[in-house]
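Protein sequence lines, in the order shown, are assigned to chains A and R.
Residue 187 in this note's numbering sits at position 21 of the first sequence, with consecutive numbering throughout.
Residue 480 in this note's numbering sits at position 308 of the second sequence, with consecutive numbering throughout.
Even for Gly, the Cβ is constructed at its ideal location relative to N, Cα and C.
What you are looking at is a predicted structure, and each value in this text was computed from that prediction instead of being measured.
First comes the structure, then the notes that go with it.
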Amino acid sequence: MNFDFSPDQRSLRDQARKFLAEHATSSRVRRILEGAAPYDAELWRGMAEMGWMGTAIPETHGGAGFGYLELCVLAEELGRSLAPTPFSSTIYLASEALLLAGSEAQKKRWLPRIAQGQAIGCFALAEGAQVATPGNITTRADGGRVSGTKIPVTDGDVADFAVVVAGEADGRRAGLFLVELRGPGVTRTSVTTVDPTRSHARIVFDGAAADPLGAPGTGWPLVERLFDRAAVLVAFEQLGGAQAALDMAREYALGRFAFGRQIASFQAIKHKLADMYVAVELARSNAYYGAWALSKDAPELPVAAATARVAASEAYYHSAKENIQVHGGMGFTWEFDCHLHYRRAKLTGLMLGSGRRWKDLLVTRLQAGAA
Amino acid sequence: MDFDDTREEAAFRAEARQWLAANAELKGGAFETWQSRYPDREGYDGLERAKAFQHKKAEAGFAALHWPVESGGRALPPIYHVIYAQEESRYLVPRGYFEIGLGMCMPTLFTYGTEAQKRRYAPAALCGDEIWCQLFSEPGAGSDLAGLRTRAQRDGDEWVINGQKIWTSGAHWADWAILVARSDPKAAKHKGLTFFFLSMKSPGIETRRIKQISGASHFNEVYFTDARIPDSQRLGAVGAGWGVAITTLMNERLASGELRGPDFEEIFGLACSVSLEDGPAIANAAVRERLADLYVKTQGVRLTRFRTMTALSRGETPGPENSIGKLVNAPKAQEIASFAMDLLDMGGVIMDKDTAPLRAAFQESLLTSPGGRIAAGTDEILRNIIAERVLGLPQDVRVDRDLPFDELPTGAR
């Protein structure tokens, strides 16, 4: 039984934590929260120099060819530090879509640039304030052109290319398409979301050149496979964030005095922190299992990914919410960092679809396994 | 990252499998246990069979894998204990009779007893000839164990014991017991305790069964009226009993906290087989959401145990973070029981085994699961343990710490 990361992976974690403690400080995150820059370009360059973008990209495509366990390790640290970069869009979604379904030419065009940190990708599925399904998306791709409006697209305002989910000609099947965002037929505007430390866009496609990704008609199953992989990686970001929120709450409770004692000595607070700890540890165990399944491309991945996603989304939101409560009035101020995790928890909990949907999907998969 | 045994672990697992296949009986169904197959009626039928099985198990060297070789063990790391327990869980084997003696009493004796005592008691406990129980909790001292009042008064080379213990598993068939009692009521609460072991056959001991809300009786009250213990059966110094009791309780952590009764698999099976007003229960959105929540918790605990096993496999000791399993599983068992009954609607109340699904296992569990949230550390005490020993938060403010014990305020109960 060796259900843990290896010594090498743990040393990668220490290295990443040290780097981010220096370069993704609270004041750097707040620069993005409060300023006009959509992401921290200097941090992004630093991450590229560390070789992080190429972690799971094979050496033949210019990556480091480590693997997914290493990527999970990095994701946890990025989540802990709230690093305001387009890493999740570019790596967990765009790069993974290319690896899963890209032609050699498509891979050759984008993967080496992604690995170098010279290309940013995004994933365009949602079309407004409702759940996106193959039946209700109105964006259409026909004859190598795509038209329609996608909102919100995480990092869509800064990306070089998008993986767009669009209805194919007959309108009954969905497909994935690669679209260069700096070409004609693309209009992008920024969108305000609950988490301004991550940038979002509305993208209007009007006959933009669209290169099919994967065989025709394979779109929706491909989205599900892609989301399973991303769900594990995002679960590690959420896990890192949840642990950070728990650590903040613990530290504050130890330092804050009321009624003549540390508030950390009151059972109401101790039990709240214990419950946060239990949620984080269960999420950690479920995330580790997802990491194992992802790294082995195991048949257990669909169930493991949905389980990891539900556990991590709930643990992060719970920890972030209760962290504000432990801080009392101070937790409700702009100047304390509690809200940064609260915002990110809700954002990450929705970015691949809500918990409600993942729970339904999980039970569907358990039924399939039991049948 | 993998779930594989090491070569040595795999070899041991194969040995355990082979021995169990040759010597034990596979379970007939999910809820069949030794106790349900061989209930302890007058004449202790199940107990006598259990002792016979324990003899075989000890002879084969599986009864105390991590004990020192000179005490009858194999001096193996704790991971082997877990591997054996995993294999054994598929078989109908006696549980509960020997766990307290082997898991808690003997390790305490190993730490505080004399060489002669270890030689006298360990082999008999190991092969099941002598059963031990643990006389700790009292009517006024449960979570606050150090508030116990059973008196131990010195009389020459002996101690005289008066008082009452409660929640003593197996006291009615135990031969020996460990006991913590108050030797000095003038000292502060944790400092006036002394630890002993004694024969349950001593004069002045009376055992009464407790009837639980489920109707079953797994526990006892034990009354002492001038019972006598030789001073040679004291473990640790006079007044140092609290430290000894902590040693005993630390060993409780190796016990797995396995959920007994219907778990996720059973509630999922029920949801797949019953219908609600709008079709199969499994198709109902509210049911699906709760099932998903239960699955995520169940997997979380199972996988957390794998992380603990990983630590054991590396030779590390499981820490207080191991409390998570019981803190999640015990309330979950209660939730599953209640949820299952809701799915059966008005018929959920039926306890008739021929009518209720799974021979009324959910209804039984509704009545047994509250105990799981209390025994071996209440939900609240486990949260305190996590808060204090894992997260490093301060202990509760204690008003009783430095006062003489006999000046502490007491309530009516």
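Proximity below 8 Å, CB of residue i to CB of residue j
i	j	result
A:LEU186	A:SER247	yes
A:LYS273	A:LEU266	no
R:GLY218	R:TYR210	yes
A:LYS512	A:VAL360	yes
A:PHE343	A:ALA307	yes
R:ALA532	R:MET518	no
R:LEU466	R:ASN456	no
R:GLU197	R:TYR263	yes
A:GLY385	A:ALA340	yes
A:LEU448	A:ALA430	no
A:PHE289	A:VAL329	yes
R:LYS498	R:LEU538	no
A:ALA419	A:GLN428	yes
R:LEU442	R:GLN405	no
R:ASP435	R:ILE508	yes
A:LEU244	A:PHE253	yes
Endpoints, alpha helix (DSSP H) assigned at residue i
i	result
A:PHE327	Where A:PHE327 is concerned, there is no enclosing alpha helix (DSSP H), although the beta strand (DSSP E) it sits in stretches over 327 to 333.
R:THR420	413 to 422
A:ASN489	467 to 493
R:ARG514	The sequence as given places Asp at residue 514 of chain R; Arg does not occur at that position. Counting along the chain, the alpha helix (DSSP H) containing R:ASP514 begins and ends at 496 to 515.
A:ASP413	385 to 421
Neighbour-count burial assignment, residue i, 16 or more Cβ in a 10 Å radius
i	result
R:ALA525	The sequence shown places Lys at residue 525 of chain R, rather than the Ala named in the question. With fewer than 16 Cβ atoms within 10 Å of its Cβ, R:LYS525 is classed as exposed.
R:ARG477	buried
R:GLY342	buried
R:LYS383	exposed
A:ALA434	exposed
A:GLY201	exposed
R:GLN190	exposed
A:THR499	exposed
R:GLY429	Summary for R:GLY429: the model assigns pLDDT 48, below 50, so the residue's position carries little reliability; its value from the coordinates is reported in the next sentence. The residue is buried, with at least 16 neighbouring Cβ atoms inside 10 Å.
R:LEU351	buried
R:ILE385	exposed
A:MET414	buried
A:VAL239	buried
A:VAL297	exposed
R:SER355	buried
Amino acids of chain R, ordered along the chain, whose beta-carbon sits closer than 9 Å to that of residue i
i	result
A:VAL446	By Cβ distance, chain R contributes nothing, its closest Cβ being about 10 Å from A:VAL446, past 9 Å.
A:ARG427	PRO566, VAL569
A:ARG416	LEU563, GLY564, LEU565
A:LYS512	Per Cβ cutoff of 9 Å: no residues; A:LYS512 is ~19 Å from chain R at best.
A:TRP458	MET173, ASP174, PHE175
A:GLN433	GLU552, ARG555, ASN556, ALA559, ASP568
A:LEU557	No information on residue 557 of chain A is available, as it lies outside the stretch 167 to 537 that chain A covers here.
First through last residue of the beta strand (DSSP E) which encompasses residue i
i	result
A:LEU552	Outside the modelled stretch of chain A, which goes from 167 to 537, sits residue 552 of chain A, for which no answer is possible.
R:PRO566	Looking at the DSSP string, R:PRO566 is not in any beta strand (DSSP E), and its letter there is neither H nor E.
R:TYR395	391 to 402
R:ALA548	Element bounds for R:ALA548: n/a, residue is neither H nor E.
A:VAL370	366 to 375
A:PRO318	311 to 320
R:VAL241	Careful: R:VAL241 lies outside any beta strand (DSSP E) and carries neither H nor E.
A:VAL352	352 to 357
Cβ-Cβ separation, residue j to residue i (assumed contact under 8 Å), whole Å
i	j	result
R:GLY247	R:PRO240	The identity of residue 247 of chain R in the sequence shown is Ala, whereas the question assumes Gly. Contact flag correct, Cβ pair sits at about 6 Å.
R:ALA353	R:PHE368	7 Å
A:ASP170	R:ARG474	The pair is not a contact, with the Cβ atoms about 16 Å apart (cut-off 8 Å).
A:ALA457	A:GLN404	With a Cβ gap of about 13 Å, A:ALA457 and A:GLN404 do not count as contacting.
A:ALA249	A:GLY287	Between A:GLY287 and A:ALA249 the Cβ distance is about 17 Å, and since that is not below 8 Å, they are no contact.
A:ALA486	A:ALA411	5 Å
R:THR340	R:VAL394	5 Å
8 Å Cβ cut-off: residues of chain A touching residue i
i	result
R:GLU485	In the sequence on display, residue 485 of chain R carries Ser and not Glu. Going along chain A in sequence order, the residues near R:SER485 (Cβ under 8 Å) are MET167, ASN168.
R:THR482	MET167, ASN168, PHE169, ASP170
R:GLY451	Going along chain A, no residue has its Cβ under 8 Å from R:GLY451, so there is no contact; the nearest lies around 14 Å.
Under 7 Å from the C-beta of residue i: neighbouring residues of chain R
i	result
A:HIS505	None at all; the shortest Cβ gap to chain R is about 23 Å.
A:TYR483	Chain R residues near A:TYR483: none, gap ~14 Å exceeds 7 Å.
A:ALA430	LEU565, PRO566
Interface residues of chain R facing residue i [CB-CB closer than 8 Å]
i	result
A:LEU532	PHE440, LEU463, TYR467
A:ARG176	The premise fails here: A:ARG176 is roughly 12 Å from chain R at the closest Cβ pair, so nothing lies under 8 Å.
Chain A residues whose Cβ lies nearer than 9 Å to that of residue i
i	result
R:ASP177	MET167
Listed by chain order, chain A residues near residue i by CB distance under 7 Å
i	result
R:THR476	GLU447, LEU448, SER451
R:LEU499	VAL444
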